[in-house]
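Numbering (our numbering) for the sequence shown: 618 to 769. From the three backbone atoms N, C-alpha and C, an ideal C-beta is built for every residue, glycine too. Nothing here was measured: the structure is a model prediction, and the numbers come from that model. I have placed the structure first, in the form of structure tokens, so that the comments after it can refer back to it.
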Amino acid sequence: MHYQSAEWAKLMAVFTENTTLVQTTRGTFVKSWGEVDPADSVWMHHMITVRDPGALVAAFDRWMNSATGRKAPGQVHLSGVVAGGLGSPSHVVSIGYASQAEAEQWQDSLAGNGDYATFLAAVQQISDYHGANLAVRVKAWGTSPIAQTASR
């Protein structure tokens, strides 16, 4: 569906009548880690402002190549923010999981983990955290844009 089509206008009219916009973010993929799986339906989006993007990518590379990081379920995508976002972030870290249970089990397993603590310390030195949102995909149409555009 083209964004300037009559069908798109009709869809947006229905959304406008039945929803309230909370926030919007527009970004471009910087780098991805993990296996891209269009079936992942639970997403955590963390909004951050980064002072050293290269150091952030290096911290993610170290984390995802650590003994713990290699066991991570789901997928991680780092996006540079072009416009919008919670707290006017420079970047969004999006983490996709197959289910809420998978996300919670993984997050619980990280409590007290040395690899994760090292990763968080590195990220905290170079960024400010603005918050996160949890999104659950209910229905999708067409192919996954992540599978088409995420860098590996």
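Excluding the five sequence neighbours on either side, which residues of its own chain have a C-beta within less than 6 Å of the C-beta of residue i, listed in chain order?
| i | result |
| --- | --- |
| alanine 752 | Trp660 |
| tryptophan 650 | Met681, Val693 |
Between residue i and residue j, is the Cβ-Cβ spacing less than 8 Å?
| i | j | result |
| --- | --- | --- |
| aspartate 669 | glutamine 692 | no |
| histidine 663 | valine 710 | yes |
| alanine 675 | valine 740 | no |
| aspartate 695 | serine 744 | With the sequence shown as reference, residue 695 is identified as leucine, and aspartate is not the correct amino acid for it. Cβ atoms of leucine 695 and serine 744: not closer than 8 Å. |
| glycine 686 | aspartate 725 | no |
| glycine 704 | histidine 747 | yes |
| glutamate 719 | proline 690 | yes |
Starting from residue i, follow its DSSP beta bridges and name the residues at the other end.
| i | result |
| --- | --- |
| tyrosine 746 | Ile665 |
| alanine 752 | Trp660 |
| glycine 713 | Trp660, Gln692 |
Spatial neighbours of residue i within its chain, please: C-beta separation below 8 Å, excluding the five flanking residues on both sides.
| i | result |
| --- | --- |
| serine 707 | Ile665, Thr666, Val667, Pro670, Gly697, Val698 |
Does residue i come out as helix, strand or coil in the three-state DSSP assignment?
| i | result |
| --- | --- |
| threonine 642 | strand |
| valine 631 | helix |
| threonine 637 | coil |
| tryptophan 650 | strand |
Tell me which residues share the same chain as residue i and place their Cβ nearer than 7 Å to its Cβ, disregarding the 5 neighbours each side in the sequence.
| i | result |
| --- | --- |
| serine 716 | Val659 |
Kindly confirm or deny that the segment 666-685 and the segment 625-632 touch, where touching means at least three C-beta pairs closer than 8 Å.
-> no
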